[in-house]
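Visitor: Quick one: the structure is below, and I'll ask about it shortly.
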Amino acid sequence: MTVRLAVPADAAALAEVAAVTFPLACPPTTTEAATRDFIATNLSAPRFLEYIGDPERVILVDDPGDGSPLRGYTMLVLTETSDPDVRQAIRIRPTSELSKCYVRADDHGRGTAAALLARTLDEARARGAAGMWLGTNIANARAIRFYEKHGFAQVGSKRFRLGDEYEHDHVLEIAL
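Note that the numbering used here has the sequence shown beginning at 1, numbered continuously upward.
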């Protein structure tokens, strides 16, 4: 496994892996239209180019290095959140957000997500964060177990708009 910083040439590959991994985290009640719209709006190649160029974001990829597709990626956001529910819930500042942590289904359980998360935690620490938070859907038991196994604890809840519905997320936090 090679976890590295994303570069602009990764934008299309990031969009491809996002398109197949984002639906894995959606609650079963999420419509296909809502999922497609979210991907097109937030996880397209042009959006990834913007994210890669944003100095307040860090995108890491797990690149097999043999020409095969990226296995997964994380996105770290280094700015304070504007979400009032999250602002109230988190206890550690300065904070960072693990905005995205997605791995292809075939790579679940193979250490890919753990390697990406470890490097993302290191990046946040190196950039001055004392804590990290994330939101994950309350129905995503697999993700919740993964994050708790790696030291995150639930500190609150928030809403996440997906399509025409509001989903309910746990807010999890870890000290760095």
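Here a beta-carbon is modelled for each residue, glycine too, at the ideal position from N, C-alpha and C.
Less than 8 Å between the CB of F152 and some heavy atom of the ligand FMN, yes or no?
Guide: The ligand FMN is not part of the structure shown, which contains no ligands of any sort.
Visitor: Please look up how many angstroms separate the CB atoms of R4 and V61, rounded, as I've assumed it's under 8 Å.
Guide: At roughly 6 Å, the Cβ-Cβ gap stays under 8 Å, so R4 and V61 are in contact.
Visitor: Relative to the C-alpha of M132, which candidate in S99, P69, T35, L14 has its C-alpha closest?
Guide: Nearest of S99, P69, T35, L14 to M132, Cα basis: S99.
Visitor: Counting only the same chain and skipping the five closest in sequence on each side, list residues whose C-beta sits under 8 Å from that of E56.
Guide: Excluding positions up to five away in sequence, the list reads V77, L78, T79.
Visitor: Counting Cβ pairs closer than 8 Å, one from the stretch 63-78 and one from the stretch 93-112, do we hit at least three?
Guide: Touching, yes, given that three or more Cβ pairs across the two stretches are closer than 8 Å.
Visitor: Just the Cα atoms here: how many angstroms apart are D66 and A89?
Guide: Taking the straight line joining both Cα atoms gives about 42 Å.
Visitor: Count the C-beta pairs between the stretch 145-156 and the stretch 22-35 that are closer than 8 Å, then say yes if the count reaches three, no if not.
Guide: Judged by Cβ distances under 8 Å, the stretch 145-156 makes no contact with the stretch 22-35, as fewer than three pairs qualify.
Visitor: D37 lies in the alpha helix (DSSP H); which residues open and close that run?
Guide: Element bounds for D37: 32-42.
Visitor: Apart from the five residues on each side of it in sequence, which residues of its chain come closer than 8 Å, Cβ to Cβ, to L172?
Guide: Closer than 8 Å at the Cβ level, and outside the excluded window around L172, lie W133, L134, G135, T136, I144, Y147, E148, F152, A153, Q154, V155.
Visitor: Go ahead and pull the three-state DSSP assignment for A130.
Guide: Reduced to three states, the DSSP call for A130 is coil.
Visitor: What does the alpha-carbon distance come out to for the pair E50 and L121?
Guide: Computed Cα separation, rounded: 22 Å.
Visitor: May I have the straight-line CA-CA distance separating G128 from R36, to the nearest angstrom?
Guide: Approximately 35 Å between the Cα atoms of the pair.
Visitor: Specify the secondary structure class of V61 as computed by DSSP and reduced to three states.
Guide: It is a strand residue.
Visitor: Excluding the 5 residues preceding and the 5 following A6 in the sequence, name in chain order all residues of the same chain whose CB lies nearer than 6 Å to its CB.
Guide: Taken in chain order, the residues that qualify are I52, I59, V61.
Visitor: Under a three-way DSSP split, which group does I174 fall into?
Guide: Of the three classes helix, strand and coil, the one that applies to I174 here is strand, per DSSP.
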